[in-house]
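> Residue numbers (my numbering), protein chains in the order written: chain A, 4 to 457; chain B, 460 to 784. From the three backbone atoms N, C-alpha and C, an ideal C-beta is built for every residue, glycine too. These numbers were taken from a predicted model, which means no experiment stands behind them.
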Amino acid sequence: MFDQLSDRLQSTLSDVRSRGKLSESDVDAAMREIRLALLEADVNFKVVKTFTKTLKERCLGADVLNSLDPGQQVVKIVNEELASLMGGTGSELAMASSGPTVILMAGLQGSGKTTACAKLAQFFRKQNKDVALAACDVYRPAAVEQLVTMGERAGAHVYQQGTDADPVEIAGWALDRAREERRDVLIVDTAGRLHIDQDLMGELSRIRKKTKPHDVLLVVDAMTGQDAVGVAESFAEAAEFDGVVMTKLDGDARGGAALSVKAVTGKPILFASTGEKIEDFDKFHPDRMAQRILGMGDVLSLIEKAEQQVDEKQALDLQEKIKKDQFTLQDFLTQMRQVRKMGPISGLLGMLPGMGAMKQLKNADIDERELDRTEAIILSMTPAERADPGLIKGSRRKRIANGSGTRVQHVNQLVKQFDQMRVLMRSMANGKMPSQEQLAQMAGGAQRPKVRRR
Amino acid sequence: MIDLGSRASENVSAETEPEVARRGVFKRLRESLSKSRQALSEEISASLFDRIDEETWERLEEALILADVGAPTTAAVVERLEHEVEAGTVSADGVAVRDRLIEILAEVASTGRAPIDLSAEPAVLMMIGVNGTGKTTTIGKVAWHLSKEMGLSVVLAAGDTYRAAAAEQLAEWADRAGAELIRGESGADPGAVAYDAIAAARARGADVVIVDTAGRLHTQGNLMDELAKVRQVIAKQIPDAPHETLISIDATTGQNGLRQAKVFSEAVPVDGVVLTKLDGTAKGGIALAIAGDLGIPVKLIGVGETLEDLRPFDPAEYAAALLAE
Numbered sequence: 004m005f006d007q008l009s010d011r012l013q014s015t016l017s018d019v020r021s022r023g024k025l026s027e028s029d030v031d032a033a034m035r036e037i038r039l040a041l042l043e044a045d046v047n048f049k050v051v052k053t054f055t056k057t058l059k060e061r062c063l064g065a066d067v068l069n070s071l072d073p074g075q076q077v078v079k080i081v082n083e084e085l086a087s088l089m090g091g092t093g094s095e096l097a098m099a100s101s102g103p104t105v106i107l108m109a110g111l112q113g114s115g116k117t118t119a120c121a122k123l124a125q126f127f128r129k130q131n132k133d134v135a136l137a138a139c140d141v142y143r144p145a146a147v148e149q150l151v152t153m154g155e156r157a158g159a160h161v162y163q164q165g166t167d168a169d170p171v172e173i174a175g176w177a178l179d180r181a182r183e184e185r186r187d188v189l190i191v192d193t194a195g196r197l198h199i200d201q202d203l204m205g206e207l208s209r210i211r212k213k214t215k216p217h218d219v220l221l222v223v224d225a226m227t228g229q230d231a232v233g234v235a236e237s238f239a240e241a242a243e244f245d246g247v248v249m250t251k252l253d254g255d256a257r258g259g260a261a262l263s264v265k266a267v268t269g270k271p272i273l274f275a276s277t278g279e280k281i282e283d284f285d286k287f288h289p290d291r292m293a294q295r296i297l298g299m300g301d302v303l304s305l306i307e308k309a310e311q312q313v314d315e316k317q318a319l320d321l322q323e324k325i326k327k328d329q330f331t332l333q334d335f336l337t338q339m340r341q342v343r344k345m346g347p348i349s350g351l352l353g354m355l356p357g358m359g360a361m362k363q364l365k366n367a368d369i370d371e372r373e374l375d376r377t378e379a380i381i382l383s384m385t386p387a388e389r390a391d392p393g394l395i396k397g398s399r400r401k402r403i404a405n406g407s408g409t410r411v412q413h414v415n416q417l418v419k420q421f422d423q424m425r426v427l428m429r430s431m432a433n434g435k436m437p438s439q440e441q442l443a444q445m446a447g448g449a450q451r452p453k454v455r456r457r
Numbered sequence: 460m461i462d463l464g465s466r467a468s469e470n471v472s473a474e475t476e477p478e479v480a481r482r483g484v485f486k487r488l489r490e491s492l493s494k495s496r497q498a499l500s501e502e503i504s505a506s507l508f509d510r511i512d513e514e515t516w517e518r519l520e521e522a523l524i525l526a527d528v529g530a531p532t533t534a535a536v537v538e539r540l541e542h543e544v545e546a547g548t549v550s551a552d553g554v555a556v557r558d559r560l561i562e563i564l565a566e567v568a569s570t571g572r573a574p575i576d577l578s579a580e581p582a583v584l585m586m587i588g589v590n591g592t593g594k595t596t597t598i599g600k601v602a603w604h605l606s607k608e609m610g611l612s613v614v615l616a617a618g619d620t621y622r623a624a625a626a627e628q629l630a631e632w633a634d635r636a637g638a639e640l641i642r643g644e645s646g647a648d649p650g651a652v653a654y655d656a657i658a659a660a661r662a663r664g665a666d667v668v669i670v671d672t673a674g675r676l677h678t679q680g681n682l683m684d685e686l687a688k689v690r691q692v693i694a695k696q697i698p699d700a701p702h703e704t705l706i707s708i709d710a711t712t713g714q715n716g717l718r719q720a721k722v723f724s725e726a727v728p729v730d731g732v733v734l735t736k737l738d739g740t741a742k743g744g745i746a747l748a749i750a751g752d753l754g755i756p757v758k759l760i761g762v763g764e765t766l767e768d769l770r771p772f773d774p775a776e777y778a779a780a781l782l783a784e
């Protein structure tokens, strides 16, 4: 419902231009839509109230009228205001000038602290820092084991004393060890706790005093609702946190909690955890989050992801090959694997603006298994066959189908699609845009098996 | 709350009165006004219904939105109440309006309410949900109640083969509950673990099998498919199984909870919600939206970390708590 905020605003404000005047009731109607949209995104009720008030003033004063599209103009203002409310551009962690930088992680149960600890460790490992983790969650069954396993996966040292020691003592001991062993960073994992649990909040405060962390990070689940604000306020009091890690942003939650926490506590969101894998962890970009809350897509993130994954030299080679019409199934396989490295295809689609509104894609689910099958088919071909699919006839087809556990018609389908693609590439390489029919053919012939309507 | 079928009499009548068995599940709820009372039954904000005017409806909307009930459900409930007051079917008096409101909310919450069906032998219960919502903890508590308080033999299937140390976490709960744990290697096929657990339960004549699954975001299509597959594996072993599939929803979850419940129930039929972490300040109002929109009732609530902190859901009590300050 939220994807169409801009659509809804456009229809709400569509007659404004014909009248040439933006009345207060027009703005009120727009504010109502925005209010609903923000509530739907779990932005705190009180924050929404203040926000729409500020917004209304700005909309009445702005050049909304003169713009070609008042709805789009209002969305732009909302976007700007949201981004500035969320902290403008990204903030940074405080690092120690000498000795280990100590980072204390806190949060509610199930917000994803232990996973976030390991991911943060991996984040520093990528910068060639020597990282240690302190296992201070002695309450949840097997939490220490989880940190040990995940810490090892991240290439960090894990300091643990099992579950019988006192968390404050463990934290102090871990800090001593980190100093002795000259680690660059010490990340302290703590047990999940309710912000109203006096004993545990007291313990957190004692861990804080004991370790004097350079940064205290509050881990907040992106799916949190209205309560996020109360939670953040309590943690601000007990742990004086400096910043927020948003987790589970790979879901479809809008993450209005992030905005609310920033608005109420003034603490920036520093990191975003975006997937199951340990490397799915990024610096947080407030401007992009604003767009996510508005359902405007996240093109910048997509571009960055692509840049990370696509080797530039490979890309040039590829361009050359396409020009010379030498694009083979092997190249196709390499390409497909690169795209898939960026994450599930359906997730990538969500990052593109307007995708939410595209009817065909709205409920479409890219079937990853279909891509697996395509990979399997190509992998069952000989290098010669990959270079020249024209070779693939009768018995070869059968062999490939058997080798990949598919059927002959799947092999045929892939070869046919590949031919169509080459024709298309040839014409694009010659500077011609593909015709509508060609595109439709691609979409119909090539895409259909991969896009499954729910 | 829990339908044990014919087994109820075998297990219970010999040594204990049925009333005592019921107490097994309801025990602390009945005995004390402790945690769940604090969490759930505070007085409705006194100022909410001081006088009935335009502002009342606004304040009411605000209270429901702040409880995460969500705009559409809130609007529907408030509109209905306002309409009834205007039409005179409910008198414009604070107490009457409040009582009627609780009735309406309870009505929304108690959609299709049925007991947890554990009448089959063995009965299979499957827990599903997003990461960190409290699946494993809930299973531990349910196993403890069934085993220690109702005298049933319970087999736990460690179907979360993905998260590091998930099986160890469940092993501790199994130990506390005196239940048998069936686990596979890390990264093993969760369907195979469920299969083994059911086979073990049958071989030993166990009463209940509880299948844990890895937490997963509902947006991960391949993982949702995996869930459907685990269910199929179970159903192949015992037709009609799993007899009860419960989704855990974290009470702090906002509007995304509705998407979670919807997408999960598209992958596997969901019989009920376990609303966890109600011992915080979050009201878990999204459960109302889930019940109203999808017709999935809340069956259990979690109000803390100890074994006794799992309770049957009481719609009226919950409705009152939603509006508490």
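Thr-711 of chain B and Gly-739 of chain B look like a contact to me (Cβ under 8 Å); what is the Cβ gap, rounded to whole Å?
6 Å
> Could you name the residues of chain B that Ile-199 of chain A contacts, counting a contact when the two beta carbons are closer than 9 Å?
Asp-738, Gly-739, Thr-740
> What do you get for Thr-117 of chain A, buried or exposed, if any count of 16 or more other CB atoms within 10 angstroms of its CB means buried?
buried
> When the Cβ atoms of the stretch 656-670 of chain B are set against those of the stretch 610-623 of chain B, are three or more pairs found closer than 8 Å?
yes
> Between A:Met-292, A:Glu-27, A:Val-46, A:Asp-169, which lies nearest to Ser-263 of chain A when the distance is taken from Cα to Cα?
Among A:Met-292, A:Glu-27, A:Val-46, A:Asp-169, the Cα nearest to that of Ser-263 of chain A is on A:Val-46.
> Count the other C-beta atoms from every protein chain shown that fall within 10 angstroms of the C-beta of His-542 of chain B, then say buried if there are 16 or more, exposed otherwise.
exposed
> Run down chain A in chain order and give the residues with a C-beta less than 7 Å from the C-beta of Ala-624 of chain B.
Within chain A, the residues whose beta carbon sits less than 7 Å from that of Ala-624 of chain B are Ala-145, Glu-148, Gln-149, Thr-152, listed in sequence order.
> Less than 7 Å between CB atoms is the rule here; does Gly-115 of chain A satisfy it with respect to chain B?
yes
> Output yes if chain A places a C-beta closer than 7 Å to the C-beta of Thr-711 of chain B; else output no.
yes
> Jot down the residue ranges of each uninterrupted beta strand (DSSP E) in the stretch 235-271 of chain A, minimum 3 residues, whole runs only, in chain order.
246-250
> Determine which residues share a DSSP beta bridge with Lys-286 of chain A and list them.
A:Phe-274
> Should Gly-680 of chain B go down as buried or exposed, given a rule of 16 or more other Cβ atoms within 10 Å for buried?
Sixteen is the threshold: when 16 or more other Cβ atoms of the shown chains lie within 10 Å of the Cβ of Gly-680 of chain B, as they do, the residue is buried.
> State the CB to CB distance for the pair Gly-713 of chain B and Thr-735 of chain B, rounded to an integer number of angstroms; the pair is presumed to be in contact (CB under 8 Å).
15 Å between Cβ atoms; not a contact.
> May I ask you to report which of helix, strand or coil DSSP gives Glu-703 of chain B?
In the structure shown, Glu-703 of chain B sits in a strand (DSSP, three-state: E or B).
> For Leu-584 of chain B, name the three-state secondary structure that DSSP assigns.
strand
> Please list the partners that Arg-718 of chain B has in chain A, where partner means a Cβ-to-Cβ separation under 7 Å.
Asp-255
> List the residues of chain B that Phe-238 of chain A touches, going by C-beta distances under 8 Å, in chain order.
Simply none; closest approach about 12 Å.
> Kindly indicate which residue of A:Leu-297, A:Val-267, A:Thr-214, A:Ser-94 has the alpha-carbon position closest to the one of Glu-43 of chain A.
A:Leu-297
> Name the DSSP bridge partner or partners of Gln-164 of chain A?
A:Thr-166
> Contact between the stretch 671-691 of chain B and the stretch 201-217 of chain A: three or more CB pairs below 8 Å?
The stretch 671-691 of chain B vs the stretch 201-217 of chain A: no contact.
> For Val-554 of chain B, is the classification buried or exposed, using 16 other Cβ atoms within 10 angstroms of its Cβ as the cut-off for buried?
By the Cβ-count criterion, Val-554 of chain B is exposed, with fewer than 16 other Cβ atoms from all chains shown falling within 10 Å of its own Cβ.
> Among the candidates A:Thr-250, A:Asp-140, A:Ala-159, whose CA atom is the shortest distance from the CA of Ala-124 of chain A?
A:Ala-159
> Give me the DSSP bridge partner(s) of Glu-639 of chain B.
Under the DSSP definition of a beta bridge, Glu-639 of chain B partners with B:Val-614.
> For Lys-105 of chain A, write down the residues that DSSP places opposite it in a beta bridge.
The residue asked about is misnamed: residue 105 of chain A is Val in this sequence, not Lys. Answer by DSSP bridge pairing, in chain order: A:Leu-189.
> Report, in whole angstroms, the separation of the C-beta atoms of Ala-293 of chain A and Ala-86 of chain A, which I expect to be a contact under 8 Å.
4 Å
> List the residues of chain B whose Cβ lies closer than 8 Å to the Cβ of Ala-260 of chain A, in chain order.
Gly-713
> If the criterion is Cβ atoms closer than 7 Å, does the pair Val-614 of chain B and Glu-639 of chain B meet it?
yes
> Comparing C-alpha positions only, which one of B:Gly-754, B:Gly-731, B:Phe-772, B:Ala-623 sits nearest to Asp-576 of chain B?
Of B:Gly-754, B:Gly-731, B:Phe-772, B:Ala-623, the residue nearest in Cα terms is B:Gly-731.
> In three-state DSSP terms, what is Ala-137 of chain A?
strand
> Taking Asp-552 of chain B as the reference, give the member of B:Ser-569, B:Gly-716, B:Asp-512 with the closest Cα.
B:Asp-512
> Output needed for Arg-429 of chain A: all residues of its chain with C-beta closer than 7 Å, excluding positions within five of it in sequence on either side, in chain order.
Asp-328
> Excluding the 5 residues preceding and the 5 following Glu-520 of chain B in the sequence, name in chain order all residues of the same chain whose CB lies nearer than 6 Å to its CB.
Thr-533, Val-537
> Restricting to Cα atoms, I'd like to know which of B:Ala-750, B:Arg-663, B:Ala-568, B:Ala-673 is closest to Asp-648 of chain B.
B:Ala-673
> Using the beta-carbon count (16 or more within 10 Å), is Lys-251 of chain A buried or exposed?
buried
> Assuming Leu-564 of chain B and Leu-769 of chain B are in contact, meaning their beta carbons sit under 8 Å apart, how far apart are those beta carbons, in whole angstroms?
Not a contact, Cβ separation roughly 22 Å.
> Tell me which residues of the stretch 582-611 of chain B have at least one Cβ-Cβ distance to chain A shorter than 9 Å, keeping chain order.
Val-589, Asn-590, Gly-591, Thr-592, Gly-593, Thr-595, Thr-596, Gly-599
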